[in-house]
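Asks:
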Amino acid sequence: TAYLYYRDVAGALRFLTKTLGFRKCGPQMKGPDGKINHAAMQLGDGLVMMGCPWPKYKNPKRLGQATQSLYVNVDNVDKHFERARKAGAKILEKPQNTPYGHRRYGAEDPEGHQWYFAQEIRKRSKSKKL
Numbered sequence: 141t142a143y144l145y146y147r148d149v150a151g152a153l154r155f156l157t158k159t160l161g162f163r164k165c166g167p168q169m170k171g172p173d174g175k176i177n178h179a180a181m182q183l184g185d186g187l188v189m190m191g192c193p194w195p196k197y198k199n200p201k202r203l204g205q206a207t208q209s210l211y212v213n214v215d216n217v218d219k220h221f222e223r224a225r226k227a228g229a230k231i232l233e234k235p236q237n238t239p240y241g242h243r244r245y246g247a248e249d250p251e252g253h254q255w256y257f258a259q260e261i262r263k264r265s266k267s268k269k270l
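Pasting the structure below:
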């Protein structure tokens, strides 16, 4: 399970729900200031948790570079892409077929985390190694 830091956890929840199709799961915890400081989201079998960072934390957007990317399998990547595009997601890469048998696209959330969504379009041979 990935754990991402967001300065605005509530904003991340809204973006992931509306734009990328995640749903809230598990308890949401609030800090002394009343803001959400921990939550979990699910898409299919995938789970991602998120929380508030330490005071000097800089998200990827403030750093000006990606610090990681997430790779999430979906049933229909083209349909997922259209949802994200129509909802205003920043698209990094339009859907394309990969040499390793996936069809994928990339998007970036408002704090600069990179998300790649993919579906398997060709079964990989057991004899081939990545």
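The numbering used here applies: residue 141 is where the sequence shown begins, and numbers increase by one. Idealized CB from N, CA, C, for every residue including glycine. As the structure is a prediction and not an experimental result, all values here were calculated from the model.
Name the residue from L156, R147, G151 whose alpha carbon lies nearest to the alpha carbon of R225.
Replies: Comparing Cα-Cα distances from R225 to each of L156, R147, G151, the minimum goes to L156.
Asks: Whole-angstrom Cβ separation of K230 and A206, contact assumed at under 8 Å?
Replies: Not a contact, Cβ separation roughly 12 Å.
Asks: May I ask you to verify whether the stretch 172 to 184 touches the stretch 193 to 203, counting CB pairs closer than 8 Å and requiring at least 3?
Replies: No, they do not touch.
Asks: Quick check: the Cα distance between F257 and Q168, rounded to an integer number of angstroms?
Replies: For F257 and Q168, the distance between alpha carbons rounds to 25 Å.
Asks: Use the C-beta contact count for Y146: other C-beta atoms within 10 angstroms, 16 or more gives buried, fewer gives exposed.
Replies: With 16 or more Cβ atoms within 10 Å of its Cβ, Y146 is classed as buried.
Asks: Measure the alpha-carbon distance for L203 versus D249 and round it to whole angstroms.
Replies: Spanning the two alpha carbons is a distance of roughly 14 Å.
Asks: Going by beta-carbon coordinates alone, are P235 and V212 separated by less than 8 Å?
Replies: No.
Asks: Counting C-beta neighbours from all protein chains within 10 Å, is the total for Y245 16 or more, i.e. buried, or is it exposed?
Replies: Buried, by the Cβ-count rule.
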